Amino acid sequence: MYLPDFDYYVPASVAEACQLLAENIDCAKVISGGTDLLPKMKHGLLSPQILVSIKKIPGLRKIEYVQGKGVVIGAASTINDIVFSEVVQQKYPSVSNAAHTMAANQVRHSGTVGGNLVSAVPSADMPPILMALNATATIEGPNGQRQLPVEDVFCGPSKCLLEKSEIITEIIIPDQAMTGSTYFKFALRRAGALAVVGVAAAVQVENDVIKDARVALGAVAPVPMRAKKTEEFLIGKKISDELLEEAGKIAASECKPITDFRASEEYRRDLVRIYTKRALRKAIDHGHI
Amino acid sequence: MSNFIVDNNGIKRYLVTINVNGIEYTKVVKANTLLVNFLREELDLTGTKKGCELGDCGSCTVLLDGKPVNSCLILAIEADGMKVTTIEGVASTSNLDNIQEKFLEYGAIQCGYCSAGMILSAKALLTENPKPTEEEVRAGISGNLCRCTGYINIIKAIMAASGQEVLN
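From first to last, the protein sequence lines stand for chains A and B. For the first sequence, counting from 1, position 17 maps to 152 in the numbering used here; every step adds exactly one. For the second sequence, counting from 1, position 86 maps to 283 in the numbering used here; every step adds exactly one.
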């Protein structure tokens with residue numbers, strides 16, 4: 136399998152990259168890890184005439200804690216950068232564990248978190264946990280910078296809300312009151328498989344009462360979705376097994392899965408029920424894991 | 198990277214310098230040259246195999262600055278200025294590397310197509326984690342598919358290469 140011809144640019148800054156994209160608005164694409172883009176180009180699904188590489192832009196691969204801002208993950212950080220990041224492991228092991236469920240080692244060393252968001256695959260593994268932790272994406276374009284909650288980045292399968300001249304530069308996980316979070320993935324194999332269902336939950340627990348909850352579901356709607364009815368149901372209630380069982384049922388009823396070759400709609404709904412219950416229990420009992 | 202020439206067809210050709218197995222190669226490549234094709238066709242290093250070419254099977258695994266990656270999903274131009282280790286560079290002398298010896302000893306090679314990638318994943322694993330558990334070995338080679346062995350002898354060979362008791 137060969138790639139079509141294209142020109143390749145390595146801009147030195149985000150501003151230069153955005154300018155290149157703006158000047159070649161209909162024929163340029165950003166390449167970061169390339170693990171999603173290059174297979175699509177090999178299949179002839181995309182044939183950009185220009186690739187703008189953002190992988191080597193200084194600072195875009197940094198992962199750090201910034202006081203008053205939160206954990207800031209450079210968009211060109213590879214998935215394995217997140218898996219092994221001391222900052223992430225210390226503050227939100229749940230994020231590092233979610234990253235570790237993705238693909239296989241080789242792909243995790245190349246693929247980047249920014250790419251995982253903009254490729255907007257419904258079954259992507261990073262969005263649910265980032266949405267549960269209320270993360271935002273910093274987006275830069277020719278007209279400056281804007282912040283977008285991660286959950287608002289997607290607008291359909293393989294479609295995101297970025298302009299063609301815009302780039303995600305960082306993902307920010309804000310400081311939070313949430314006391315626990317986790318991501319559960321069901322896939323047909325332990326490696327190299329897309330999620331059949333992914334469930335992320337974050338909870339704030341005080342005296343056995345759920346003060347706040349965020350539940351995000353992957354692979355059960357055209358885009359990664361928040362289970363808002365489930366969250367509303369949980370908030371203010373005392374924790375019990377029955378409560379979590381009921382939360383699972385609500386999540387199963389509010390998701391919108393399809394039947395495809397990986398699983399039927401019915402099976403996906405049942406997985407959402409069970410995994411929502413388990414994810415909530417784990418986040419309640421074990422913190423950010 | 199900024200060095201390129203435009204050929205008669207208007208296609209840009211870029212000058213890249215890639216260190217492969219300790220030797221610096223400076224070559225002219227098109228932007229769409231994949232690292233796996235650069236290794237196999239430009240350098241005649243055909244030990245790196247092409248399987249699915251989509252990043253699923255791991256047979257084209259090489260180490261890029263020490264990290265295992267699928268060379269079918271890396272552009273040669275992206276590896277400019279970086280260090281690549283292929284199966285040809287695993288043994289530092291005329292003798293085989295310890296991992297290669299154990300693969301032979303334990304019958305971890307059948308058709309051999311996955312072996313190059315498998316050994317490089319094992320090399321990366323043992324460099325980071327010299328005494329892995331069996332579970333860690335399984336995770337370490339989970340990006341490499343083998344259709345012959347059923348993996349058991351591969352896992353035994355890697356455990357043996359780490360100097361550990363081989364479980365039955």
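Ideal Cβ placement from N, Cα and C applies to all residues, glycine included. All of these numbers come straight from a predicted model, not from anything done at the bench.
Quick one, which of the options has its alpha-carbon nearest residue i's?
| i | options | result |
| --- | --- | --- |
| V310(A) | E401(A), Y137(A), V223(A), S231(A) | Inspection of the sequence shows that residue 310(A) is occupied by Asp rather than by Val. It is V223(A). |
| T304(A) | Y318(A), S316(A), R325(A), Q282(A) | Q282(A) |
| V145(A) | S316(A), P193(A), G179(A) | P193(A) |
| K299(A) | M136(A), L155(A), E380(A) | L155(A) |
| P277(A) | A312(A), I306(A), Y137(A), C153(A) | C153(A) |
| T271(A) | H423(A), K412(A), V207(A), P392(A) | V207(A) |
| I220(B) | F201(B), C308(B), L240(B), K209(B) | L240(B) |
| V217(B) | G207(B), F235(B), V203(B), D204(B) | F235(B) |
| E298(B) | I316(B), Y310(B), D277(B) | I316(B) |
| E341(A) | M360(A), G315(A), A322(A), T411(A) | G315(A) |
| A276(B) | V213(B), T330(B), P327(B) | V213(B) |
| T346(B) | V225(B), F201(B), G309(B), T330(B) | G309(B) |
| E430(A) | A382(A), A362(A), M313(A) | Because chain A here runs from 136 to 424, residue 430(A) falls outside it and cannot be looked at. |
| R404(A) | I185(A), G383(A), I274(A) | G383(A) |
| M266(A) | H423(A), M360(A), D395(A) | M360(A) |
| A325(B) | D204(B), G278(B), G263(B), N206(B) | Looking at the sequence provided, one finds Glu at residue 325(B) rather than Ala. Out of D204(B), G278(B), G263(B), N206(B), G263(B) has the C-alpha closest to the C-alpha of E325(B). |
| P265(B) | R210(B), L323(B), K209(B) | L323(B) |
| K209(B) | A150(A), G249(A), E151(A), D142(A) | D142(A) |
| H421(A) | Y402(A), M313(A), R408(A) | M313(A) |
| E362(B) | L342(B), A336(B), T330(B), M279(B) | T330(B) |
| T223(B) | T243(B), N205(B), F201(B) | F201(B) |
| N87(A) | I306(A), E151(A), P228(A) | Residue numbering for chain A in the displayed model covers 136 to 424; residue 87(A) lies beyond these limits and cannot be assessed. |
| E389(A) | D395(A), E400(A), F396(A) | E400(A) |
| L406(A) | R416(A), P392(A), F396(A) | P392(A) |
| I370(A) | P357(A), K226(A), K346(A) | K346(A) |
For residue i, report the span of its beta strand (DSSP E) as first-last.
| i | result |
| --- | --- |
| V407(A) | That residue, V407(A), is in no beta strand (DSSP E); its alpha helix (DSSP H) goes 400–421. |
| E275(A) | 271–276 |
| Q282(A) | 279–284 |
| C290(A) | 289–291 |
| Y305(A) | What sits at residue 305(A) in the sequence shown is Glu, not Tyr. Note, E305(A): beta strand (DSSP E), 302–308. |
| I185(A) | 185–188 |
| P265(B) | 264–267 |
| V363(B) | Unbroken run through V363(B): none, as it is neither H nor E. |
| K246(B) | It is not in any beta strand (DSSP E) - K246(B) carries neither H nor E in the DSSP assignment. |
| T282(B) | 280–282 |
| S316(A) | 315–321 |
| E98(A) | Since the first and last residues shown for chain A are 136 and 424, residue 98(A) lies out of range. |
| A336(A) | 332–341 |
| G205(A) | 205–209 |
| G353(A) | 344–353 |
If you drop the 5 nearest sequence neighbours on each side, which residues of the same chain put their C-beta closer than 8 Å to that of residue i?
| i | result |
| --- | --- |
| L272(B) | A228, N229, T230, L231, L232 |
| D260(A) | A233, A234, T236, M237, N251, Y318, K320, A330, G333, G353 |
| V256(A) | D171, P292, S293, L329 |
| F219(A) | S231 |
| C257(B) | V233, T245, K246, K247, G248, E250, N267, S268, C269, G314 |
| P183(A) | F141, C162, A163, K164, M176 |
| K412(A) | L379, E380, A382, G383 |
| Q241(A) | none |
My guess is that residue i and residue j are in contact by the Cβ rule of under 8 Å, so how many angstroms apart are they, rounded?
| i | j | result |
| --- | --- | --- |
| G252(B) | C269(B) | 7 Å |
| L181(A) | K190(A) | The pair is not a contact, with the Cβ atoms about 18 Å apart (cut-off 8 Å). |
| A336(A) | A211(A) | The Cβ separation is near 28 Å, so there is no contact. |
| V281(B) | I215(B) | 6 Å |
| G255(B) | A239(A) | 7 Å |
| S229(A) | I424(A) | 6 Å |
Give me, in chain order, the residues of the same chain whose beta-carbon lies closer than 6 Å to that of residue i; leave out the 5 immediate sequence neighbours on both sides.
| i | result |
| --- | --- |
| A288(B) | D294 |
| E250(B) | C269 |
| A414(A) | T317, F319, V334, A336 |
| V344(A) | K373 |
| N159(A) | I185 |
Can you list, in chain order, the residues of its chain whose CB lies under 7 Å from that of residue i, leaving out five sequence neighbours each side?
| i | result |
| --- | --- |
| Y303(B) | N350, K353, A354, A357 |
| T213(A) | G168, R243, H244, S245, G246, T247 |
| R196(A) | G209, A211, S212, D216 |
| K204(A) | I307 |
| R408(A) | G383, K384, A386, A387 |
| D204(B) | R210 |
Taking the alpha helix (DSSP H) that residue i belongs to, which residues open and close that run?
| i | result |
| --- | --- |
| R210(B) | It is not in any alpha helix (DSSP H) - R210(B) instead sits in the beta strand (DSSP E) that spans 209–217. |
| A267(A) | 261–267 |
| T324(B) | 312–325 |
| I214(A) | 214–219 |
| K299(B) | 295–302 |
| G383(A) | 376–389 |
| A288(B) | Unbroken run through A288(B): none, as it is neither H nor E. |
In chain C, what lies closer than 7 Å to residue i by C-beta?
| i | result |
| --- | --- |
| V266(B) | No chain C appears in the structure shown, which is made up of the protein chains A and B. |
Less than 7 Å between the CB of residue i and some heavy atom of the ligand SAM, yes or no?
| i | result |
| --- | --- |
| N292(B) | Only the bare structure without any ligand can be found here, which leaves the ligand SAM out of the picture. |
**Message:** Under 8 Å: do the region 283–292 of chain A and the region 160–168 of chain A share three or more Cβ pairs, one atom per stretch?
**Reply:** no
**Item:** the region 342–350 of chain A in contact with the region 362–376 of chain A per 3-pair CB rule at 8 Å
**Value:** yes
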